[in-house]
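**Student:**
2 protein chains.
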Amino acid sequence: MSSNVHTTLEQFLGITRKIKRYNEALGVMYWDLRTGAPRKGAETRSEVIGELSSDMFKLQTSEELGKLIDALSEPGAYEQLKELDRKILAETKKEYDRSKKIPAELYQEYVVLTTHAETLWEDAKHNSDYAMFQPYLEKIIDFNKQFIQLWGQKETPYDTLLDIYEPGMTVAKLDQVFGELRSSIVPLAAAVKNSDHQPDTSMLKHSFEKDRQKEFSHYILGQLGYDFEAGRLDESVHPFATGLNPGDVRITTHYYENDPTIALFGTIHECGHALYEQNISKDLIGTPLSEGTSMGIHESQSRFWENMVGRSKPFWQRYFGELKRLYPEQFHGVEAEDFYRAINVSEPTLIRIFADELTYNLHIMIRYEMEKAIFNEGVAVSDLPALWNAKYREYLGIEPSTDAEGVLQDVHWAGGAFGYFPSYALGNMYAAQMMNTLKKEKPDFDELVREGNLLPVKEWFTERVYQYGKSKTPSEIIRDVTGEELNPSYLVEYLTAKYADIYKL
Amino acid sequence: MSSNVHTTLEQFLGITRKIKRYNEALGVMYWDLRTGAPRKGAETRSEVIGELSSDMFKLQTSEELGKLIDALSEPGAYEQLKELDRKILAETKKEYDRSKKIPAELYQEYVVLTTHAETLWEDAKHNSDYAMFQPYLEKIIDFNKQFIQLWGQKETPYDTLLDIYEPGMTVAKLDQVFGELRSSIVPLAAAVKNSDHQPDTSMLKHSFEKDRQKEFSHYILGQLGYDFEAGRLDESVHPFATGLNPGDVRITTHYYENDPTIALFGTIHECGHALYEQNISKDLIGTPLSEGTSMGIHESQSRFWENMVGRSKPFWQRYFGELKRLYPEQFHGVEAEDFYRAINVSEPTLIRIFADELTYNLHIMIRYEMEKAIFNEGVAVSDLPALWNAKYREYLGIEPSTDAEGVLQDVHWAGGAFGYFPSYALGNMYAAQMMNTLKKEKPDFDELVREGNLLPVKEWFTERVYQYGKSKTPSEIIRDVTGEELNPSYLVEYLTAKYADIYKL
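Residue numbers (my numbering), protein chains in the order written: chain A, 483 to 987; chain B, 483 to 987.
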């Protein structure tokens, strides 16, 4: 490498490292705010966060960074770069262009709008008052339509938004996979609903002392291979995982004494995210590639560990005894199989976050179709509640009686996160597809889970997925792991077999 | 105010606010590192801390800030400034000058040296190997001698160092007050040692379950007026208090099951620091004046609450019953008076941090004299162990058999903190002097403590001390509160009366 290019590269990497470090400092403060920072300090803390965010944004959009990106992108320089540096350059350039294409004042206006809208949404939801929220939603959608034009429209306007959360994902692809998924899941959910073999969930209707739930959460995290020397478990109102760096990936949960499954599966879900972030290669630390490659692949890991391991029969054959030891009275006379069926009960619900593994995908498809209608078909914002309700009737056979239980239930749109929802269902499909490969390569997978020998599973994912962080795209990951593109049939097969067993279909 | 000066002032205040915000972000990360950040993330986190510290230092020493300070210091501009802005200007200028007078490379070299020295000191102390530490200590002292020249020597070289921690404090003043203190405390400690009425401490030689200690610490904090909506109590190896902003002042403690007094008095001590920081006026938030005015005044608050409230007889007349309820077996047959005497047992020790309220001051005087000998009298670093041991023999009548128990016991010198030690004894003197005024104005002080009615005491200190933060100097504080300069006789009177009672002298 010429000394000229070397110097340019070092300056460039210095700025990207600095951005990453500011981001980590912000991550610590966000974690702290959500896990017990004192209320009275929050106002000043938010000014601190604002100051650092603004400094980070200035770095990310600085002329200096732009010039360095340009200099390294010149053919003479670019050909001297190593593969890893090219990937760092590509990722940085992508973010730089995205940020630079939006005028700073426009973006500032948008941040203020969404911040207000999130607060207002809480009230609107509380009062089930869509009319109150509608003008804000209209403005947020208008901003996003402007952003799409500024960023440059892909195949369709909505494609531009999808690409933010799942690089390379398109409406064409989602129409295809969601179509296939829907045609199998709707009849399956109907069969489940009409089955004469509904699971008995009465053993969950007890009080479950919090400290013992905590103990069990810690125990299970250890069993899953979560590294407590590179993370910690805390409590927060809404559970989350945050990868500050691969040596510090924290998760939170929330304990409810009247339902032990919420903390339990919430913890395992966040653990899936954390296993991903804890096992990113140390070589990527300090670079923009040291994080999960997309929301969909990230969600594949939380879903795999939560549902395909944590809600599987072999898992509870191994661990129900341990749980029962902590709550002997509550589970008196209950067998692992009973518990397994109870935690997998499926029935249509109005609220996405309470949905079971099977019907959850339908909630996502509805939101996907709504967002597509907004950005590609120009549906009026005033028509969204009626459209929402019609789709719930069509897909789930139930209809909200209030907008609080309908179109107002999720915060995502108030925050402007259009294109985000599909990640959840993509995660389920990726997870099932990867599990199919895993089971081919490890035919004793069920046996490993039944023995509580879960580390080989974590190691398999580390080798195939985790270590690469963002140095592979989501479609590279799924192709390299499974040998094919995203294919919804594995999720259909998995759900069909699982629910046929539970509901004796 | 002219629009010109107004603009300059706004720019100036913008930079000082930004420095304060960076400092708060760093404070959150330090707190996190010390209260349970995962081990494996520490290396990357320290790079994040390094990046932000370096950016903050650049702000603090920027040409831009220098020009703004100069512009506001011009007579035409200065006379237009309000009192508060003048104080912010003075404080900022003082720090700016201090930082700018040391060449950046020299300071960088010093930071590397002290960082190494602190690590090496641990080994040297562990092996009681002064020869190993000596060359580092020599270098650190040489650096400090250079700094003194660069900053400008005050009356004596050591005065320059004292001024860092206690603005305005001098060798002349300390020689006087420590001389008076010493002449009373040495014979008092001897009388205590020879008393036939040694307290019985056997009730403390039990096991005290940790969760109950925690419960009691939380309870006592509430009683002292610590605001849990503006702070939290955590655990760390070495207890500390950190004022991130007045709405977020956190404290830590460390529980030992074989000795409940360590966590208890440690918690109360840190609470004293925290009450100060929680009650700084909201008007000062975001300015460099939003912190305690000096180490000595800060320590006066930790010592007042720990010793003059927390180790007082009325306090345990009120609270011993509560403690006994938590540990009925351990305290079976023990009365409040017995407990009060046991926690105030005094005897000469080699180790400062285990010293009692009476002999603690002698440990400080020894260190003060050693530091004065180093900087003002040119004593050789190789002679320090012998000098140390001679002074322990002279002041406390005991002599260390190893340097680990002697000159190597404290980390301060390894970190370059010369001039810091006197703050601890200053704190005791300030506290006793302020209590004297408090008792004149609130003759029912003992009664208030005996009733557990402590809020009026906190309010008195808020009105007289806390609210002002750094907007008054330490000598302004002590004069305004007590009507006179620092006067050691109040501490002597207080200790004489207290130990005469306990040891029936």
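Heads up, the beta-carbon is just placed ideally off N, CA and C, and yes, glycines get one too.
None of these values were measured; they are calculated from a predicted model.
Note down the Cα distance separating Lys873 of chain B from Gly661 of chain B, rounded to an integer number of angstroms.
**Tutor:** Going by the C-alpha atoms only, they are around 14 Å apart.
**Student:** Would Thr526 of chain B pass as an interface residue toward chain A - the criterion being a Cβ-Cβ separation below 8 Å?
**Tutor:** yes
**Student:** Ignore the nearest five residues each way along the sequence and tell me which others in Ser677 of chain B's own chain have a CB closer than 8 Å to its CB.
**Tutor:** Tyr985, Lys986, Leu987
**Student:** What do you reckon, are the CB atoms on Ala648 of chain B and Ser772 of chain B nearer than 8 Å?
**Tutor:** The identity of residue 648 of chain B in the sequence shown is Glu, whereas the question assumes Ala. Cβ atoms of Glu648 of chain B and Ser772 of chain B: not closer than 8 Å.
**Student:** Can you give me the C-alpha to C-alpha distance between Phe710 of chain B and Ser484 of chain B, rounded to a whole angstrom?
**Tutor:** Cα to Cα, the separation comes out at about 44 Å.
**Student:** Determine the burial state of Pro830 of chain B: buried for a count of at least 16 other Cβ atoms within 10 Å of its Cβ, exposed for fewer.
**Tutor:** buried
**Student:** Please tell me whether Lys522 of chain B has its Cβ less than 8 Å away from any Cβ of chain A.
**Tutor:** yes
**Student:** If you follow the alpha helix (DSSP H) that Val731 of chain A is part of, which residue opens it and which one closes it?
**Tutor:** Val731 of chain A -> not in any alpha helix (DSSP H); beta strand (DSSP E) instead, spanning 730-735.
**Student:** Measuring alpha carbon to alpha carbon, tell me which of B:Asn871, B:Glu811, B:Trp942, B:Ile497 ends up nearest Glu923 of chain B.
**Tutor:** B:Trp942
**Student:** Go to Leu726 of chain A, then tell me how far its beta strand (DSSP E) extends in each direction, as first and last residue.
**Tutor:** Under the DSSP assignment, Leu726 of chain A falls in the beta strand (DSSP E) whose first and last residues are 723-727.
**Student:** When you compare the CB of Ala519 of chain A with every CB in chain B, is at least one pair closer than 8 Å?
**Tutor:** Judged by the 8 Å Cβ criterion, Ala519 of chain A is in contact with chain B.
**Student:** Against Asn761 of chain B, what residues of chain A qualify as contacts under a CB-to-CB distance less than 8 Å, listed in chain order?
**Tutor:** None at all; the shortest Cβ gap to chain A is about 12 Å.
**Student:** One question on the structure: do His755 of chain A and Ser784 of chain A come within less than 8 Å of each other, judged by their Cβ atoms?
**Tutor:** Between His755 of chain A and Ser784 of chain A, the gap from beta carbon to beta carbon is short of 8 Å.
**Student:** Indicate whether at least one CB of chain A lies closer than 8 Å to the CB of Leu547 of chain B.
**Tutor:** no
**Student:** CB Met852 of chain B to CB Leu869 of chain B, shorter than 8 Å?
**Tutor:** Yes.
**Student:** Along the beta strand (DSSP E) that carries Leu715 of chain B, what are the first and last residues, could you check?
**Tutor:** Its beta strand (DSSP E) spans residues 715-717.
**Student:** Once the 5 residues before and after Glu752 of chain A are set aside, which same chain residues still bring their CB inside 8 Å of it?
**Tutor:** Pro721, Phe722, Ala723, Ile733, Thr734, Thr735, Ser784
**Student:** Going by beta carbon distance, what residues of the same chain come within less than 7 Å of Phe690 of chain A, once the five residues before and after it are set aside?
**Tutor:** The answer, listed in chain order, is Glu739, Pro742, Tyr809, Gln812.
**Student:** Under 8 Å between C-beta atoms, does Ala756 of chain A make it to chain B?
**Tutor:** no
**Student:** From the DSSP output, in three-state form, read off Phe903 of chain A for me.
**Tutor:** Phe903 of chain A: coil per DSSP, three-state reduction.
**Student:** Run down chain B in chain order and give the residues with a C-beta less than 7 Å from the C-beta of Val530 of chain A.
**Tutor:** The answer, in chain order, is Arg503, Glu506, Ala507.
**Student:** Can you pull the chain B neighbours of Leu726 of chain A, defined as C-beta to C-beta under 7 Å?
**Tutor:** The contacting residues are Gly523.
**Student:** Under three-state DSSP, which class holds Gly803 of chain A?
**Tutor:** helix
**Student:** Is it the case that the Cβ atoms of Ala824 of chain A and Ala599 of chain A are separated by a distance below 8 Å?
**Tutor:** no
**Student:** Which chain B residues are close to Ile767 of chain A, counting only those with a beta carbon under 8 Å from its beta carbon?
**Tutor:** Thr526
**Student:** In chain order, which continuous runs of the alpha helix (DSSP H) of length 4 or greater are located wholly inside the stretch 558-598 of chain A?
**Tutor:** The stretch 558-598 of chain A contains these whole alpha helix (DSSP H) runs: 565-582.
**Student:** So is Ser782 of chain A buried or exposed if we call it buried at 16+ other beta carbons inside 10 Å?
**Tutor:** It counts as buried.
**Student:** Does any C-beta atom of chain A lie closer than 8 Å to the C-beta of Met538 of chain B?
**Tutor:** For Met538 of chain B, the answer is no, since every Cβ of chain A falls outside 8 Å of its Cβ.
**Student:** Going by the beta-carbon positions, is the gap between Val510 of chain A and Glu506 of chain B smaller than 8 Å?
**Tutor:** no
**Student:** Per DSSP, what kind of secondary structure is Ile767 of chain B in: helix, strand or coil?
**Tutor:** coil
**Student:** Within its chain, find whatever has a CB closer than 7 Å to the CB of Gln705 of chain A; leave out the 5 residues flanking it on each side and keep chain order.
**Tutor:** Same-chain partners within the cutoff: Gly934, Leu936.
**Student:** On the three-pair Cβ rule with 8 Å, is the stretch 874-892 of chain B touching the stretch 606-626 of chain B?
**Tutor:** Enough Cβ pairs lie closer than 8 Å, so yes.
**Student:** Report yes or no: is there a C-beta of chain A within less than 8 Å of the C-beta of Arg714 of chain B?
**Tutor:** Cβ-Cβ to chain A under 8 Å: yes for Arg714 of chain B.
**Student:** Kindly indicate if chain B contains any beta-carbon less than 8 Å away from that of Glu711 of chain A.
**Tutor:** yes
**Student:** With a cut-off of 8 Å, does the C-beta of Leu706 of chain A fall near any C-beta of chain B?
**Tutor:** no
**Student:** If you run the structure through DSSP and keep just helix, strand and coil, what is Gln542 of chain A?
**Tutor:** It is helical.
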